[in-house]
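Below: the structure, in structure tokens.
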Amino acid sequence: EAWEGAAGLGEVLQPSSSAPLRQASPSARSFQLDYEHNCFRKDGAPFRYISGSIHYARVPRPAWRDRLLKMYMSGLSAVQVYIPWNYHETLPGVYDFTGNRDVEAFLDLTAKLGLLVILRPGPYICAEWEMGGLPAWLLWKPDIILRTSDPAYLAAVDSWLHILLPKIKPRLYQNGGNIISVQVENEYGSYYACDHGYLRHLLGSFRALLGSEVLLFTTDSTRAEELRCGTLQGLYATVDFGPGSNVTEAFGAQRRVEPKGPLVNSEYYTGWLDYWGEAHASTSAAWVAQGLEDMLQLGASINMQVSPFLQLTSLPWPGADYKGQYKPVTTSYDYDAPLSEAGDPTEKLFAIRTVISKFQPLPAGPMPPATPKYAYGWVALRKVSACPEGCTAPAWHCSTGQHPSLSWQYADLLDVLDVLCPSGPIWSQFPLNFEALKQAHGFVVYHTQLPWDVPDPATLAAPPHSTCDRGYVMLQKEYQGTLERDGQTTLNVTGRAGDTLDMLLENMGRISFGANTSDFKGLLGNLSLNSKPLSNWLMYPLAIDMAVQQGWPHAALPESSSGGRVGPAFYTGTFETPGIAWDTFVKFPGWTKGLLWINGFNLGRYWTRRGPQQTLFVPGSVLHVGHPNNITVLELEGAPPTPLLLFLDRPLYNRTLGRSTTATE
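Quick note: the sequence shown uses the numbering used here, first residue 670, plus one each step.
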């Protein structure tokens, strides 16, 4: 059962620059199903894998090697890798495989470190990722039917697969690489369409582009209906389930669709996802370890959701579930994983490693240590000479001249639309959604004017579920309040004819799992005033990420702020590190909801008012040493009177709706 030919520790620490590692000729290499003996066969010998998931798109490239090495030293023989289509084809026919998106470099690194790969290229992947990895530009055709035999959808899928799969083919195991199997679609049985013609089309495309020898498989839950809709002859059917399941019953479900062949749990849940406004999920290490041991005793091959990590450009990519209502997921993808968001081994990881050691030898040598963290302390959003009342930062942070802060500045979002929307607004009689505006992510400002005097409070209303996903309302640039997709839909306003009315619409993430992934964003219905529809709209699609990456607003901002303002506004400033650039976590004391950039990198959403996540992870690779680090905050609702950030050496994940029930403090 031990992986044959695994690299020793010395080879791992000093990998060869040439790939792949193995010297066997491609013709001698094979990875196949053995239906007679209910196992996999690798190069003709019985084989089972113990694998863990890693999302390269959520790990900063400088940390790829550290995370993979920790997985290897945990005793894993393989890693399971998602490829998010929308991460690479950002616009139709526009592809990005550079930098953090260089999936080929990531796959080559797995080979150098002695790990096999189970590849999950979609086209739909779920992964709690925006729209399950499907590009938002698919919805530019509003009647498209996703994940079906719809010709428009299949044409886009085929075009993408013809770009992606030729990069994969030379890395297949039988071609000398380390990819032993490839998943087609993902948990398709949970989708309403149940279109076997679609699965047959994908099977044909994967076979045509990858060849006849590669092992193709599906993954579904153990529910009979989902296995009926998610499986297809020619694709080996595997299942997914978590600790606490009856292992015999769960694999019995697989046996009903695959009477022979290896037992496989393709997603063994070692933790669970977090939603904004709910408690931080946790799963006990003992529970996870016991379930793993039960499966290994049956001879099963297993992939664990073992290491979800940081998502470096978080704004566009977190998805949402639909479970009776829209439930956006948090920025952090830690989810009580065996390897933390910062890449730290946990008690759960060592419990898993102990179980693995009962079934196969572990690699020689110690587990690599946790990455170093640093609490940089308080950083102010305006000139301060001392820490605020109650400051608990180290003394050097509070001393005059050494406080890591400089002057912070402020700008109302509505005052900088010329910077954030350089192409200018789009006019329409009635509101257009993000897709009609070709705005994939982020924000759009909807602008109109009051058509008549409103001396007494009038009801500004959006149709139910039409504010997708949050709308921040300003009258004469004064913040009035927020409308929400499944929440508040009305506000009372007063004003005069001609007064400006603006609504900043935020995309909180397209649905990645639920009944239907066609999740349009923006203002999907018309706003009305005392039941009379408003018209004559100007819409500003905002390119905030681009502006910040190009150095705005540090190059120029209108004026300094006294702080304590309400409504959407930018706060910016700088701080210097004391000669080191270590990982850290940012806390937002007194802030409400918004986004953070450091040195142009979008580190994601904070939502202190709703929780549970209270900190954002900042990898050391983002920080500068020897010159200032630029910080930009977009606060959407209201900054504290004294705007401060606090840099800690540990995360705070579990404080929800003002309750102090912090699990990681």
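Virtual Cβ for every residue (Gly too), placed ideally from N, Cα, C.
C-alpha gap between residue i and residue j, whole angstroms
i       : j       : result
Gln1219 : Leu1089 : 11 Å
Leu808  : Ala732  : 34 Å
Leu1265 : Trp806  : 26 Å
Val998  : Asp1168 : 36 Å
Arg710  : Gln701  : 5 Å
Leu1086 : Phe1099 : 20 Å
Gly1248 : His1296 : 10 Å
Ile1213 : Ser1187 : 25 Å
Trp1251 : Leu745  : 28 Å
Ser935  : Glu1010 : 22 Å
Gly783  : Asn844  : 16 Å
Arg734  : Met742  : 12 Å
Gly1154 : Ala697  : One detail in the question is off: residue 1154 reads as Arg in this sequence, not Gly. Cα to Cα, Arg1154 sits roughly 57 Å from Ala697.
Cys863  : Ser818  : 11 Å
Gly1093 : Arg736  : 43 Å
Pro1073 : Glu1175 : Any reading at Pro1073 must be qualified, since the residue scores a pLDDT of 44, below 50, and its modelled position is unreliable; the value itself is stated next. About 32 Å.
Glu799  : Tyr857  : 17 Å
Gly1280 : Glu947  : 7 Å
Cys708  : Thr887  : 17 Å
Tyr937  : Asn972  : 6 Å
Thr1159 : Gln1145 : 18 Å
Gly1273 : Ser953  : 28 Å
Thr1015 : Gln974  : 14 Å
Pro1030 : Val933  : 21 Å
Met1215 : Phe1257 : 24 Å
Identity of the residues DSSP links to residue i by a beta bridge
i       : result
Thr888  : Thr907
Gln1145 : Gln1145 is not bridged to any residue.
Arg789  : Tyr751
Trp798  : Pro987
Phe700  : Lys711
Tyr1021 : The residue asked about is misnamed: residue 1021 is Ile in this sequence, not Tyr. In DSSP, Ile1021 forms no bridge with anything.
Met1036 : None; Met1036 has no bridge partner.
Met973  : Gly721 and Tyr937
Thr1261 : Paired residues: none, contrary to the question.
Phe1028 : Bridge partners of Phe1028: none, in fact.
Thr1301 : Thr1241 and Trp1266
Val1360 : No statement about residue 1360 is possible, as the shown extent of the chain runs from 670 to 1334 and does not include it.
With 16 other Cβ atoms within 10 Å as the buried cut-off, status of residue i
i       : result
Met964  : buried
Glu1336 : Here the chain has residues from 670 to 1334 only, and residue 1336 is not among them.
Leu760  : exposed
Pro1091 : exposed
Ala1127 : buried
Ser983  : For Ser983, the pLDDT reaches just 44, beneath the cut-off of 50, and the residue's location in the model is therefore unreliable, although a value from the coordinates is still provided. Per the 10 Å Cβ criterion, buried.
Arg1165 : exposed
Glu797  : buried
Gly1034 : exposed
His831  : exposed
Leu1314 : buried
Gly911  : buried
His949  : buried
Val1294 : exposed
Asp1005 : buried
Ser902  : A small fix is needed here, since residue 902 is Gln in this sequence, not Ser. So Gln902 ends up on the exposed side.
Leu1173 : buried
Lys1027 : exposed
Asp1013 : buried
Query raised in the report: Which whole runs of the alpha helix (DSSP H) in the stretch 738–781 are 4 residues long or more, in chain order?
Result: With a minimum length of 4 residues, the continuous alpha helix (DSSP H) runs that stay inside the stretch 738–781 are 754–757 and 772–781.
Requested in this report: May I ask you to verify whether the stretch 1293–1303 touches the stretch 1208–1224, counting CB pairs closer than 8 Å and requiring at least 3?
Outcome: Counting C-beta pairs closer than 8 Å gives three or more between the stretch 1293–1303 and the stretch 1208–1224, which meets the contact rule.
Query raised in the report: Where in the stretch 1169–1242 do unbroken runs of the alpha helix (DSSP H), each at least 4 residues long, occur, reported from the N-terminal end onward?
Result: Positions of the alpha helix (DSSP H) runs, each at least 4 residues long and wholly inside the stretch 1169–1242, are given as 1213–1218 in order along the chain.
Report task. Would you be able to state if there are at least three C-beta pairs under 8 Å between the stretch 1269–1286 and the stretch 1096–1104? Result -> With the cut-off at 8 Å, the stretch 1096–1104 and the stretch 1269–1286 do not touch.
Query raised in the report: Going along the chain, which unbroken runs of the beta strand (DSSP E) with 3 or more residues stay wholly within the stretch 825–893?
Result: Counting whole runs of 3 or more residues, the stretch 825–893 contains the beta strand (DSSP E) stretches 848–852 and 884–889.
Query raised in the report: Taking one C-beta from the stretch 768–785 and one from the stretch 807–825 each time, how about it: are there three or more such pairs within less than 8 Å?
Result: Cβ pair count under 8 Å is below three, so no.
Requested in this report: List in chain order: all unbroken alpha helix (DSSP H) runs of 4+ residues lying wholly within the stretch 1085–1173.
Outcome: Counting only runs of 4 or more, we get 1086–1089.
Query - Contact between the stretch 850–858 and the stretch 772–788 (3+ Cβ pairs under 8 Å) - result: In this structure the stretch 850–858 touches the stretch 772–788; the number of beta carbon pairs closer than 8 Å is three or more.
Query - Three-pair Cβ contact test at 8 Å for the stretch 1002–1021 versus the stretch 956–963 - result: Counting Cβ pairs under 8 Å, three or more are found: they touch.
**Report entry** Meets three-Cβ-pair contact criterion under 8 Å: the stretch 922–937 and the stretch 892–902
**Finding:** With the cut-off at 8 Å, the stretch 922–937 and the stretch 892–902 touch.
Query raised in the report: Would you say the stretch 717–729 touches the stretch 741–751, given that touching needs at least three Cβ pairs under 8 Å?
Result: In this structure the stretch 717–729 lies against the stretch 741–751, because at least three pairs of beta carbons, one per stretch, are closer than 8 Å.
**Report entry** At least 3 beta-carbon pairs within less than 8 Å: the stretch 874–881 vs the stretch 832–840
**Finding:** Taking a cut-off of 8 Å on C-beta distances, the stretch 874–881 touches the stretch 832–840, as three or more cross pairs fall below it.
Query - Cβ contact (3+ pairs, closer than 8 Å) linking the stretch 1203–1210 and the stretch 822–830 - result: In short, these stretches do not touch, since the Cβ pair count stays below three.
Query raised in the report: Where in the stretch 1245–1293 do unbroken runs of the beta strand (DSSP E), each at least 3 residues long, occur, reported from the N-terminal end onward?
Result: Listed in chain order, the complete beta strand (DSSP E) runs (minimum 3 residues) inside the stretch 1245–1293 are 1253–1256, 1263–1267, 1270–1275 and 1284–1287.
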